[in-house]
Amino acid sequence: MLVIFTRALILYALVVVVMRVMGKQQIGELQPYELVVAVMIADLGAVPMQNTGIPLLAGIIPILTLLISQLALSYISMRSIKGRELICGIPTVLVEKGRLLEEAMRKERYNINDLLEALRSQGYYNIADVEYAILETNGTLSVIPKAEKRPANPGDFNLQPPNEGLPLPVIIDGVIDYRSLNKVKKDYAWLISQLKAYNITDVSNVLIASVDENGSLFIQAKEAAK
Amino acid sequence: MKAAAIILTVILIFIIGLDVCSYYYLKNMANAISQSIEDLPDRIDGGDWDAASDGLAKTSRQWSSVKGIWAVLINHQEIDNIEMSLTRLKSFVKYKDINESMAEYNTFKALVEHIPESEKFSLVNIF
Chain A
1 MLVIFTRALI LYALVVVVMR VMGKQQIGEL QPYELVVAVM IADLGAVPMQ NTGIPLLAGI
61 IPILTLLISQ LALSYISMRS IKGRELICGI PTVLVEKGRL LEEAMRKERY NINDLLEALR
121 SQGYYNIADV EYAILETNGT LSVIPKAEKR PANPGDFNLQ PPNEGLPLPV IIDGVIDYRS
181 LNKVKKDYAW LISQLKAYNI TDVSNVLIAS VDENGSLFIQ AKEAAK
Chain B
227 MKAAAIILTV ILIFIIGLDV CSYYYLKNMA NAISQSIEDL PDRIDGGDWD AASDGLAKTS
287 RQWSSVKGIW AVLINHQEID NIEMSLTRLK SFVKYKDINE SMAEYNTFKA LVEHIPESEK
347 FSLVNIF
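As you go down the protein sequences, you meet chains A and B in turn. Taking this note's numbering, the leading residue of the first sequence gets 1, the next gets one more, and so forth. Taking this note's numbering, the leading residue of the second sequence gets 227, the next gets one more, and so forth.
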């Protein structure tokens, strides 16, 4: 029992580390070669986990082999355009200037229903609103609507809204994040004085506090502290 | 968070407890089966085939009473191997074949005694 338990823990830790090293792509939208690695790693981890007759190394070595192969392919696809095209493929334009490209759809084995479904999931219910639709190498569909159908933005009205920047959390669950605090160019004394303005005396009573680039503070106290 | 910690602790204690209990249970039962067949070589050597058969029948009953519980704890392939070995041993004793009986006796004993070792929490078994 404990043997299987320990083997499962070791393989779990290894797979978590390997997925972490492989990068964020591995847990988001996958390229074909990344999908292969994810599927194979799941199997390679699961089998020796419960079968004590298989040496643990028989699971560990292939997982590490896949890790280095994946890293090598990522490196090649990052450094070489030709390599990238070979490994990941190239995006395919399915709708061009409002017209469906039948040949491209046939080549990608992408039928009309698949296209309509992907368009609907992106909020385009009428294919007539679409100027371009591009099938990306990770299988997602990028859509560019016709100019008259795209959402209006401040630029259309010659408006120049102030830069909102990125609000950074300076307190999370009662713990001050000094890195974020330094990034917004504020210090501990400023934070405490701001908390006092909200009648909060103890940092540990704060659930979340964030500061945007203009220096405005958002604070929410913990339920128990209210 | 507190509930998760309690569940984690209970599961850990359950797994460790089950492991320790099952290891000692398997060890004791394997020793008992092994000892019940201990005098078989002397009986075979002495040509006392009836006593050897009786002894084996006793071992067979003992094995039948534990194999159901063993099936919960160990790989079923191991149980099949022991079962086959015992069947072979009974046949060799029935047909009074000294050499094959002796060889199968040692195989059966090794198969039974190896079970607790294979279930022991050790680096060899983990890797």
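Beta carbons are placed, not taken as given, at the ideal position from N, Cα and C, and that holds for glycine. These numbers were taken from a predicted model, which means no experiment stands behind them.
Cross-chain neighbours of I324/B in chain A, by beta carbon under 7 Å:
Per Cβ cutoff of 7 Å: no residues; I324/B is ~34 Å from chain A at best.
Pick helix, strand or coil for L166/A, following the three-state DSSP scheme.
coil
Near I200/A, which residues of its chain fall below 8 Å by C-beta distance, leaving aside the five closest residues on each side in sequence?
V206, I219, A221, A225
What ranges does the alpha helix (DSSP H) occupy inside the stretch 260-336 of chain B, keeping only unbroken runs of at least 4 residues that lie completely in it?
266-271, 275-299, 302-320
Closest to A133/A by CA distance: which of I76/A, Y12/A, E102/A is it?
E102/A
CB contact flag (L67/A, I87/A, <8 Å):
no
What residue from A256/B, V246/B, L312/B, K228/B has the CA that sits closest to D348/B's CA?
Looking at the sequence shown, residue 348/B is not Asp but Ser. Comparing Cα positions, the closest option is V246/B.
Over the uninterrupted beta strand (DSSP E) stretch that includes F218/A, give me the two end residues.
217-221
8 Å contact criterion, which P267/B and M310/B should meet: CB distance rounded
Not really, about 20 Å apart at Cβ, beyond 8 Å.
Quick one, are the C-beta atoms of V170/A and L195/A less than 8 Å apart?
no
Going by CA-CA distance only, name the one from I63/A, L217/A, P162/A, N51/A that's closest to S193/A.
L217/A
Start and end of the beta strand (DSSP E) containing E29/A?
Segment: none, E29/A is in no beta strand (DSSP E) and carries neither H nor E.
Sequence-distant residues of its chain with Cβ nearer than 7 Å to S344/B (five each side left out):
N351
Under 8 Å between C-beta atoms of M1/A and S317/B:
no
For the stretch 69-84 of chain A against the stretch 109-126 of chain A, do three or more pairs of beta-carbon atoms, one drawn from each stretch, fall closer than 8 Å, so that the two count as touching?
no
Are the C-beta atoms of R20/A and some chain B residue less than 8 Å apart?
no
Please go through the same chain and pick out, in chain order, the residues whose beta-carbon is closer than 7 Å to the beta-carbon of I305/B, but skip the five residues on each side of it.
K293, W296, A297
Residue of S204/A, G123/A, E96/A, K24/A minimising C-alpha distance to L71/A:
K24/A
Quick check: L252/B and L299/B, are their CB atoms within less than 8 Å of each other?
yes
What's the call for K107/A, buried or exposed, on a 16-neighbour Cβ count within 10 Å?
exposed
Any residues in the stretch 29-56 of chain A with a beta carbon nearer than 9 Å to a beta carbon of chain B? Which ones, in chain order?
N51, T52, G53, P55, L56
Three CB pairs or more closer than 8 Å across the stretch 130-145 of chain A and the stretch 91-101 of chain A:
yes
Near G45/A, what residues of its chain come up, given a Cβ to Cβ distance below 6 Å and the 5 sequence neighbours on each side ignored?
L11, V15
Give every residue of the same chain whose Cβ lies closer than 7 Å to the Cβ of I76/A, excluding the five residues on either side of it in the sequence, and list them in chain order.
G83, I87
Note down, in chain order, every chain A residue with its Cβ under 7 Å from the Cβ of F353/B.
P55, L56, L57
Separation of I172/A from A209/A, as counted between CA atoms
7 Å
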